[in-house]
Amino acid sequence: MTSGFAIVRWALAGVVFVALGVTSMFLFQLQPVIDDVFNARRAGPVWITTRLQFELGRLNETLAEFANPALDIDPEEVQLRFDILWARYNLSEEGQEGVRAAEGTEEVEVLDRLIAVLRAEEETVFSLERGDYEEALRLHDVFTEFSEPLNDYTIAAKDEQAALDHAARTHLVSMSSSILYVSITLGVASLLLSLLLFLEARQQRRNSAEKQRLLEESRQAYKAKGEFVATVSHELRTPIASILGTTEAVNSGALGKIPDRADAMLRIAQQNAERLGKLINDILDFEKSDTGDLSYQMEPMRLDEVVEQAVRINSHYGEHEGVRIEISAMDRPLPVRGDASRIEQVIANVLSNAVKFSGESKLVQVSCERIGGVARIAVTDYGIGISPEFSAKVFDRFSQEDGSSTRTFGGTGIGMSISRAIVQAHDGHLHFTSMPGKGTTFYIDLPLDEQAQAAA
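For the sequence shown, counting from 1, position 199 maps to 199 in our numbering; every step adds exactly one.
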């Protein structure tokens, strides 16, 4: 049945397309006439030539006023009107299509005479000084001679436009009956096509119900997967916390001195437990951000203080990796509204990446500055940078520039995705710039708390 629907549908669609094609052909035949009308209008029979006449009148009026000693007109007024008249001439000469209105008529020759006079009198106009009344009267007489020819030119241009309009209307009327028959055919075919589409839509609704059922089953399976991951992650937290607490206690010397060899092994165990704990936290945050359940405690805070605390905490990790983390610039205060622990989580993630990829420079610089209505945190490393090919994938989930099993740098590839979700929840923007081989700077932009700023 579906196959039969498709055959008839395509047949009716073919009729509709043919009818549209015939209509388009008729309209295409009319297009040259319409183009002529548009070109004539663009050349300025209604507006451009009228403005040319108007500016000529304004120039003559200003010249007459300048020649009257009682009015004390500044010569710059005459020069301004002269410049405007010249500009109107240029527009009349060029039009918008490079074609003058009423081209080929006797009246259009007035433009050639006008430009000759404009060029000849330009130096005189711009050398006018107060008291040059006779010169102003002479110029008035010169330009007054163009009033009647310009009026004739405007009439000729309008006649040209009227002729084109009449031809277009005549052509349109002659084609209207043909278009009417084609439209009737198009309407009947469209009606039949609509009926067929209705029948086909009814069949598709039945198929859609089945797809909806399968979709709901897949959603339930996805939900069950998320609950399973969350449950397993929560269950793993307890033994990991126990292992981490025990190793920290032993390494701190609370249970007495232990052999150096055992001490080294216990420190490795502590580091791996910390990595596993971070991995579990990332997985939980990932699931929550995926479902929109990531919670926030929004409240006023000092971003500069949060940054300093994050740098202080992560400096130990940097020292372990032989990398120095320093604050290069800090504006105070920087009041924002947000979840301090979540923002600190973002900074820690960006700092962790900067330390890992700092390269031989062994330096990471952090700044926190006010830029307009935004507080910007910048974390810069001078390491290997990010390749152009990977730049578009930095914030994708599970993305690693080196995704092989033997990659140099560890990580799950979800940290930046989570960080972007957190920053966006604060109406902020997480972005970066990078030059391969020279380093990378990540920017965390957060809107300043306007109420806190006003109170301050």
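C-beta: ideal position from N, C-alpha, C; glycine also. This structure is a prediction, so every number in the text was calculated from the model and none was measured.
Beta-carbon proximity of residue i to residue j, cut-off 9 angstroms
{"i": "residue 143", "j": "residue 117", "result": "yes"}
{"i": "residue 381", "j": "residue 415", "result": "no"}
{"i": "residue 134", "j": "residue 64", "result": "no"}
{"i": "residue 445", "j": "residue 300", "result": "no"}
{"i": "residue 306", "j": "residue 330", "result": "no"}
{"i": "residue 48", "j": "residue 101", "result": "yes"}
{"i": "residue 146", "j": "residue 113", "result": "yes"}
{"i": "residue 426", "j": "residue 447", "result": "yes"}
{"i": "residue 259", "j": "residue 304", "result": "no"}
{"i": "residue 478", "j": "residue 23", "result": "Nothing about residue 478 can be read from this structure; the chain reaches only from 1 to 456."}
{"i": "residue 150", "j": "residue 52", "result": "yes"}
Among the options, nearest to residue i - alpha-carbon criterion
{"i": "residue 122", "options": "330, 81 and 338", "result": "81"}
{"i": "residue 127", "options": "208, 76 and 89", "result": "76"}
{"i": "residue 152", "options": "105, 345, 391 and 350", "result": "105"}
{"i": "residue 60", "options": "213, 209, 125 and 312", "result": "125"}
{"i": "residue 434", "options": "52, 426, 115 and 443", "result": "443"}
{"i": "residue 419", "options": "344, 393 and 391", "result": "344"}
{"i": "residue 90", "options": "103, 78 and 115", "result": "115"}
{"i": "residue 317", "options": "336, 335, 334 and 350", "result": "350"}
{"i": "residue 15", "options": "131, 192 and 25", "result": "192"}
{"i": "residue 92", "options": "130, 50, 220 and 78", "result": "50"}
{"i": "residue 132", "options": "368, 78, 199 and 319", "result": "78"}
{"i": "residue 10", "options": "393, 196 and 176", "result": "196"}
{"i": "residue 7", "options": "200, 83 and 130", "result": "200"}
{"i": "residue 361", "options": "393, 389 and 321", "result": "321"}
{"i": "residue 428", "options": "346, 389, 390 and 393", "result": "346"}
{"i": "residue 161", "options": "18, 176 and 103", "result": "103"}
6 angstroms Cβ shell around residue i - same chain, five flanking residues per side excluded
{"i": "residue 324", "result": "363"}
{"i": "residue 297", "result": "339"}
{"i": "residue 436", "result": "385 and 387"}
{"i": "residue 328", "result": "365 and 367"}
{"i": "residue 314", "result": "348 and 351"}
{"i": "residue 205", "result": "none"}
{"i": "residue 62", "result": "77, 78 and 81"}
Contacting residues, own chain, Cβ-Cβ under 7 angstroms from residue i (five flanking each side not counted)
{"i": "residue 439", "result": "380, 381, 382, 383 and 385"}
{"i": "residue 215", "result": "none"}
{"i": "residue 395", "result": "416, 417 and 420"}
{"i": "residue 302", "result": "333, 334 and 335"}
{"i": "residue 88", "result": "51, 52 and 55"}
{"i": "residue 451", "result": "none"}
{"i": "residue 404", "result": "Reliability of the predicted coordinates at residue 404 is poor, the pLDDT of 44 falling under 50, and no value is obtained from them."}
{"i": "residue 406", "result": "At residue 406 the pLDDT is 37, less than 50, meaning the model places this residue with poor confidence and gives no usable figure here."}
{"i": "residue 130", "result": "75"}
{"i": "residue 58", "result": "81"}
Presumed contact (8 angstroms Cβ cut-off) between residue i and residue j, rounded CB distance
{"i": "residue 56", "j": "residue 85", "result": "6 angstroms"}
{"i": "residue 423", "j": "residue 366", "result": "The Cβ separation is near 16 angstroms, so there is no contact."}
Close beta carbons around residue i, own chain, < 8 angstroms, minus the five adjacent residues each side
{"i": "residue 202", "result": "none"}
{"i": "residue 40", "result": "The predicted model places residue 40 with a pLDDT of 47, which falls under 50 and marks its position as unreliable; any figure quoted below should be read in that light. Within the same chain, residue 40 has close Cβ partners 101, 157, 160, 161 and 164."}
Evaluate contact between the stretch 65-73 and the stretch 153-162, counting only Cβ atoms and requiring at least three cross-stretch pairs below 8 angstroms.
The answer is no - the stretch 153-162 does not touch the stretch 65-73, with fewer than three Cβ pairs under 8 angstroms.
Please confirm if the stretch 134-150 is in contact with the stretch 186-200, defined as three or more CB-CB distances below 8 angstroms between the two stretches.
Because the criterion of three Cβ pairs below 8 angstroms is not met, the stretch 134-150 and the stretch 186-200 do not touch.
Would you say the stretch 340-349 touches the stretch 367-376, given that touching needs at least three Cβ pairs under 8 angstroms?
Flag = no, the stretch 340-349 and the stretch 367-376 do not touch.
State whether the stretch 376-392 contacts the stretch 343-355, with contact taken as three or more CB pairs (one from each stretch) at a distance under 8 angstroms.
Contact check between the stretch 376-392 and the stretch 343-355: three or more CB pairs, one atom from each, fall below 8 angstroms, which counts as touching.
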